[in-house]
Structure formats: structure tokens, C-alpha cells
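Working notes, structure below.
Numbering (UniProt numbering), first residue to last: 1 to 140.
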């Protein structure tokens, strides 16, 4: 798995160049049998006006990781994946450091998938809990 793991992470990070993920400094750092993990720095670039992580940045992180996980675990060569709904509960604020988003599959249907994305801080405290529904459409 280690050889495949490094290749998967390299591809995920490479395809983010020139995208929102690069703008937010999202980096994919770990992948396993049923999860994908990324990190994002919390700096003024992703703050809301009162100096804490903006909920929209958290949601962008969650959707990025969930969609990338769908691509990995659903054979992105045969399907293209789109997010169709996302919900987020923000439970703790953070001003600096890193947040980590771990996407795990809750339901893997042929057409739709349901992902849970937990966003935590460096002490593994929950910042946001998100659910993402994706759809896999066949490539023509």
C-alpha cells in the first residue's frame, strides 16, 4: 500500500495546481483503505473578519477532500465525480495552526455516495463535521 499511497497522494497534490485547493494551501497527506486526509493552514487568508477560520473555507476543504476521495475510490478513469450537496456543522473556532480534514465513506452506491468529513485541529479536537453527497457519472 505504501507505494500506491505515495503515488495517490502525489497525483492528488499535483492536480490541485492552479485551483482553489492551491489557493487555500490544501495538501493531501494520507490515504488508507477507506479514507483520505488533507491539511490546510489557518492564516489570515482563510479568516473571517473577526480573525477565526471562515466556515466557507472549512466547507471548501471538506468538499475538496470528499470529492478527491470519491475520485480515488470510485475509479476516476471510468467516472467523473461532482458534489451535489454538502452540509456542515461548525462546533469550534480556530485562529491559527492547521486543520485536518478526513473523508470517510458512509455509503458507496453505484451512482451516489455519502461522505463524512471531520475537520479537526492539531490536538484532534473537532472543528467541523461535514457530510457530502457526490454523484458518479460515466465518462463517455
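Ideal Cβ placement from N, Cα and C applies to all residues, glycine included.
If I'm right that residue 119 touches residue 58 with Cβ under 8 Å, what's the distance once you round it to whole angstroms? Within the chain shown, residue 119 is the residue found at index 119, counting from 1. Within the chain shown, residue 58 is the residue found at index 58, counting from 1. Confirmed, about 6 Å.
Report yes if the CB atom of residue 93 is closer than 9 Å to the CB atom of residue 52, and no otherwise. Taking the first residue of the chain shown as position 1, residue 93 is located at position 93. Taking the first residue of the chain shown as position 1, residue 52 is located at position 52. Yes, the Cβ-Cβ distance between residue 93 and residue 52 is below 9 Å.
With a floor of 4 residues, list each alpha helix (DSSP H) that falls wholly inside the UniProt domain "Thioesterase" (51 to 127), ordered by position along the chain. Scanning the UniProt domain "Thioesterase" (51 to 127) for uninterrupted alpha helix (DSSP H) segments of 4 residues or longer gives 55 to 73, listed from N- to C-terminal end.
Can you give me the Cβ contacts of residue 72 inside the same chain, cut-off strictly under 8 Å, excluding the 5 residues immediately before and after it? The sequence position of residue 72 within the chain shown is 72, counting from 1. For residue 72, where only same-chain residues beyond five positions count, the Cβ hits under 8 Å are 8, 12, 31, 36.
Mapping the DSSP letters down to three states, classify residue 8 as helix, strand or coil. The residue given as residue 8 occupies position 8 in the chain shown. Helix at residue 8.
Taking the straight line between their C-alpha atoms, what separation do you get for residue 15 and residue 49? Position 15 of the chain shown holds residue 15. Position 49 of the chain shown holds residue 49. For residue 15 and residue 49, the distance between alpha carbons rounds to 31 Å.
Count the other CB atoms within 10 Å of the CB of residue 84; is the residue buried (16 or more) or exposed (fewer)? Reading the chain shown from its first residue, position 84 is the one you call residue 84. Exposed, since its Cβ has fewer than 16 Cβ neighbours within 10 Å.
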